[in-house]
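Q:
Residue numbers (this note's numbering): -17 to 93.
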């Protein structure tokens, strides 16, 4: 964030255009494009190489990253259900949220 001629400004997370402080995107289209970009990093399915536990771990790490970036949980579920059973999706999200909670608690103890 920097100070522009009109006051504090931020940059659009998608296109980098300067926008008012407190906003993340310059338009709804940019917001949708950003969400699409986030989800493009493919989740690993049973058809990808590697052991099941490696794929599961990588998928959960991806969900943790998405949650940290503020992506809506319902949006993540909707996208994941294209690849996995609902019970698997729920397990992945529950595990990712537990990891985030533990990480937050560890950070609080360290500070």
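Glycine is no exception: its CB is placed at the ideal position from the N, C-alpha and C atoms.
(1) Between which two residues does the alpha helix (DSSP H) containing residue 40 stretch?
(2) Three-state secondary structure (DSSP) at residue 88?
(3) Report back the beta-carbon spacing between residue 82 and residue 46 to the nearest angstrom; my notes put them in contact at under 8 Å.
(4) Along the chain, where does the alpha helix (DSSP H) containing residue 57 start, and where does it finish?
(5) Ignore the nearest five residues each way along the sequence and tell me which others in residue 1's own chain have a CB closer than 8 Å to its CB.
(6) DSSP state of residue -10, grouped into three classes?
(7) Spatial neighbours of residue 54 within its chain, please: C-beta separation below 7 Å, excluding the five flanking residues on both sides.
(8) In whole angstroms, what is the alpha-carbon distance linking residue 10 and residue -4?
(9) Under 8 Å, do residue 103 and residue 65 count as touching if we go by C-beta distance?
(10) Using CA coordinates, which residue listed in 38, 33 and 15 is at the minimum distance from residue 70?
(11) May I have the straight-line CA-CA distance separating residue 87 from residue 16, to the nearest angstrom?
(12) Taking the alpha-carbon positions, what's the residue 84 to residue 51 distance?
A: In short, the structure shows the following:
(1) 34 to 50
(2) helix
(3) 6 Å
(4) 55 to 62
(5) -9, -8, -7, -6, 7 and 8
(6) strand
(7) none
(8) 11 Å
(9) What is shown of the chain runs -17 to 93, which leaves residue 103 out entirely.
(10) 38
(11) 29 Å
(12) 17 Å
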